[in-house]
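Protein chains: 2
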Amino acid sequence: MSSAKTDGLRRQVLDAAVAIAATSGPDVISMREVARLAGVSHQAPYHHFGDRAGIFAAISEEGFRLLANAIEASTTLGMAAMCEAYVHFALAHKGHFRVMMRNDLCSLEDYPSALIQADRAFNALRNEVTVILGEDSHEDEANAHTAYMWSVAHGLATLLLDGPLLKKLGSVADINALIRNVARKASSSITV
Amino acid sequence: MSSAKTDGLRRQVLDAAVAIAATSGPDVISMREVARLAGVSHQAPYHHFGDRAGIFAAISEEGFRLLANAIEASTTLGMAAMCEAYVHFALAHKGHFRVMMRNDLCSLEDYPSALIQADRAFNALRNEVTVILGEDSHEDEANAHTAYMWSVAHGLATLLLDGPLLKKLGSVADINALIRNVARKASSSITV
DNA sequence: TTCTCCACTAGACACTGTCAAGTATGAATA
DNA sequence: TATTCATACTTGACAGTGTCTAGTGGAGAA
């Protein structure tokens, strides 16, 4: 049971943490700072999250839920669309994505409810690969194709978010066009 | 000018930091801890690195130098080999790689000597792409292909290093075979 | 000898995460 | 109504951190 005020603080802390992660990165998130931003004592957040890793776990769960939703919604549109959905999620939810992909901040295995959401996202990709390859394909090939698609999407997302890709490429008029182009290349090499 | 003893401490600190990054991640690296490991006072490392970011910059420069060497050495072997070289570098130099790809630890632009090494690696990839596409290809296509190859390599490297890829895939008998398979898929879609 | 770097030490400061203990409030129970 | 009790906090303390400032010892040059 949790009162309105409780959920209020929990939400405030979460939102503050996600915002900090989006602008300055997750490492800058501090228990005392989020408490300060919420206007409560430095120990108040502990009541809702246990410790610092608990905040990261809560952000991860929320992020993986959103990611799984986005990916599942794109399955009917094919492999390229899933890849695009992954990258667009990362760009649209910078704060969440940065936390989700940092296993050192909180190891997912310790937070089963977050792990469930992560599995939803993975299974959607995995299923789509087996559908395309056919049920009777070898497991090694399914593994390789899954790893391949995930690598493209994840690599592009992280390079766009925190990497020097855009800076190095120099002139990129339309990022969405670049994402679509890369996603199409990836999916074409899987159907062939 | 730097004495043997000076370089000794600098090396010791760097090695300790890389080792910590490889086992526990860069965030665990502490000025006081590396000083303790080297058997000097908590302020000694400041003389060589200025501040904490300076250690990360030194690790980055060293890492990018090694990466550029590996990639340049693989250019004659083709696109797939470059992709494999990138992933193998990440696995073989876990500590370096983790630091290099974390722009929040030290922004490369503030450390020109590190930036030079990073550019060496990027240019090797970029050149190979233009060689394959031909000099007269459109810049957008060259950009997309470069982003694409980099994404595959970087995505696979990060997923293998810190991501849940292997855990999720379940049974992967031979990691090197998986890397080779993914690299071949990537390079095949660029030559077609 | 004196001067002056160089590599390092020592102490302090503000900041952090977290443990332990106290307090106000509202609901349930006797 | 009076008492109990859990919830949602506050306050205070502690060890650990990065880093600023101020020393210290020793080697080479004048």
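Chains as they are written, first to last, in the numbering used here: chain Y, 1 to 192; chain E, 1001 to 1192. Built from N, CA and C at the ideal position, the CB exists for glycine as well.
Near R180 (chain Y), which residues of its chain fall below 7 Å by C-beta distance, leaving aside the five closest residues on each side in sequence? Cβ within range, chain order: E84.
Measure from the C-beta of Y86 (chain Y) to each C-beta in chain E and report whether the shortest distance is under 8 Å. No, its Cβ sits nowhere closer than 8 Å to a Cβ of chain E.
Rounded distance between the beta-carbons of V1152 (chain E) and S151 (chain Y), thought under 8 Å: About 5 Å separates the two Cβ atoms, so the contact holds.
Close beta carbons around M101 (chain Y), own chain, < 6 Å, minus the five adjacent residues each side: Result list for M101 (chain Y): empty, nothing under 6 Å.
Quick check on this structure: which residue in E:Y1086, E:E1135 and E:R1010 has the alpha carbon closest to the alpha carbon of V1040 (chain E)? Among E:Y1086, E:E1135 and E:R1010, the Cα nearest to that of V1040 (chain E) belongs to E:R1010.
Looking at the C-beta of K94 (chain Y), does it have a partner C-beta in chain E at a distance below 8 Å? Among the CB atoms of chain E, none fall inside 8 Å of the CB of K94 (chain Y).
Whole-angstrom distance between G1008 (chain E) and A90 (chain Y), CA atom to CA atom: Roughly 43 Å between the two C-alpha positions.
Does N176 (chain Y) have its Cβ less than 8 Å from a Cβ in chain E? Interface criterion not met: the Cβ of N176 (chain Y) is under 8 Å from no Cβ in chain E.
Would you please verify whether the beta carbon of A4 (chain Y) is less than 8 Å from any beta carbon of chain E? Note that A4 (chain Y) scores 31 on pLDDT, short of 50, meaning its location in the model is unreliable; the coordinates nonetheless yield the value given after this. Closer than 8 Å: no.
By how many angstroms is the C-alpha of A1092 (chain E) removed from the C-alpha of L1161 (chain E)? Near 10 Å, if we compare the C-alpha coordinates of A1092 (chain E) and L1161 (chain E).
How big is the Cα-Cα spacing for E1033 (chain E) and N1103 (chain E)? E1033 (chain E) and N1103 (chain E): Cα-Cα distance of roughly 22 Å.
Below 8 Å on the Cβ atoms is my guess for H1145 (chain E) versus V1129 (chain E); work out the distance and round it to an integer in Å. Right, their Cβ atoms sit about 5 Å apart.
Give every residue of the same chain whose Cβ lies closer than 7 Å to the Cβ of A142 (chain Y), excluding the five residues on either side of it in the sequence, and list them in chain order. Correct list, in chain order: V129, T130 and L133.
When the cut-off is 8 Å and only beta carbons count, does Y1111 (chain E) lie next to chain Y? It does not: the Cβ of Y1111 (chain E) has no partner Cβ on chain Y nearer than 8 Å.
Where does L1009 (chain E) sit, in a helix, a strand or coil, going by DSSP? Under the three-state reduction of DSSP output, L1009 (chain E) falls in the helix class.
Hey, V1018 (chain E) and H1096 (chain E): beta-carbon distance below 8 Å or not? Note that the C-beta distance between V1018 (chain E) and H1096 (chain E) is below 8 Å.
If you draw a straight line from the C-alpha of K5 (chain Y) to the C-alpha of H48 (chain Y), how long is it? Low per-residue confidence applies at K5 (chain Y): pLDDT is 43, beneath 50, and the placement is therefore not dependable, though the value from the model is reported in the following sentence. Roughly 12 Å between the two C-alpha positions.
Neighbour list for E128 (chain Y) in chain E, Cβ cutoff strictly below 7 Å: In chain order: nothing, as chain E lies at least about 14 Å away.
Against chain Y, which members of the stretch 1146-1158 of chain E pass a CB distance test of less than 9 Å? Those residues of the stretch 1146-1158 of chain E that come within reach of chain Y (Cβ to Cβ, closer than 9 Å) are T1146, A1147, Y1148, W1150, S1151, V1152, A1153, H1154, G1155, L1156, A1157 and T1158.
Identify whether G54 (chain Y) lies in helix, strand or coil by the three-state DSSP scheme. In the structure shown, G54 (chain Y) sits in a helix (DSSP, three-state: H, G or I).
Nearest to S1024 (chain E) by CA position, among E:R1098, E:A1186 and E:I1116, is which residue? It is E:R1098.
Would you identify the three-state DSSP class for V152 (chain Y), choosing helix, strand or coil? In the structure shown, V152 (chain Y) sits in a helix (DSSP, three-state: H, G or I).
Nearest candidate by alpha-carbon position, reference A1073 (chain E), set E:L1105, E:A1121 and E:I1059: Nearest neighbour of A1073 (chain E) by Cα position, chosen from E:L1105, E:A1121 and E:I1059, turns out to be E:A1121.
Contacting residues, own chain, Cβ-Cβ under 7 Å from I118 (chain Y) (five flanking each side not counted): Contrary to the premise, residue 118 (chain Y) reads as Ala rather than Ile in this sequence. Scanning its chain for C-beta atoms nearer than 7 Å, with the 5 sequence neighbours on each side dropped, one finds around A118 (chain Y) the residues F64 and L108, in chain order.
Tell whether a beta-carbon distance below 8 Å holds between L105 (chain Y) and A53 (chain Y). A53 (chain Y) is positioned such that its CB atom lies closer than 8 Å to that of L105 (chain Y).
Within the same chain, show all residues whose beta-carbon is closer than 8 Å to that of Y46 (chain Y), passing over the 5 residues directly before and after it, in chain order. So the qualifying residues of the chain are M31.
Residues that F122 (chain Y) contacts on chain E, provided the C-beta gap is smaller than 7 Å: Per Cβ cutoff of 7 Å: K1168.
Coarse secondary structure for G78 (chain Y), derived from DSSP in three states: DSSP, read as helix, strand or coil, puts G78 (chain Y) in coil.
Within-8 Å CB hit, A1114 (chain E) to chain Y: Taking Cβ atoms only, chain Y never reaches closer than 8 Å to A1114 (chain E), which makes this a no.
State buried or exposed for M1001 (chain E), treating a residue as buried only when at least 16 other CB atoms are found within 10 Å of its CB. Note that M1001 (chain E) scores 31 on pLDDT, short of 50, meaning its location in the model is unreliable and no value can be drawn from it.
Find out if the Cβ-Cβ distance for the pair L1037 (chain E), A1058 (chain E) is shorter than 8 Å. Not in contact: L1037 (chain E) and A1058 (chain E) (Cβ atoms no closer than 8 Å).
In the stretch 178-189 of chain Y, which residues sit with their C-beta less than 8 Å from some C-beta in chain E, listed in chain order? Flagged, chain order: L178, N181, V182, K185, A186, S188 and S189.
In the DSSP assignment, find the unbroken alpha helix (DSSP H) run with A1173 (chain E) in it and report its ends. Where A1173 (chain E) is concerned, there is no enclosing alpha helix (DSSP H), given that its DSSP letter is neither H nor E.
Whole-angstrom distance between A186 (chain Y) and D1140 (chain E), CA atom to CA atom: Cα to Cα, D1140 (chain E) sits roughly 17 Å from A186 (chain Y).
Evaluate S1003 (chain E) with the Cβ neighbour count: other Cβ atoms within 10 Å of its Cβ, from every protein chain shown; 16 or more gives buried, anything less gives exposed. Model confidence at S1003 (chain E) stands at a pLDDT of 32, short of 50, so the residue's coordinates are unreliable and nothing is read from them.
Same chain only: Cβ atoms within 7 Å of L1178 (chain E), ignoring 5 sequence neighbours per side: Cβ neighbours of L1178 (chain E) beyond the five flanking positions: V1172.
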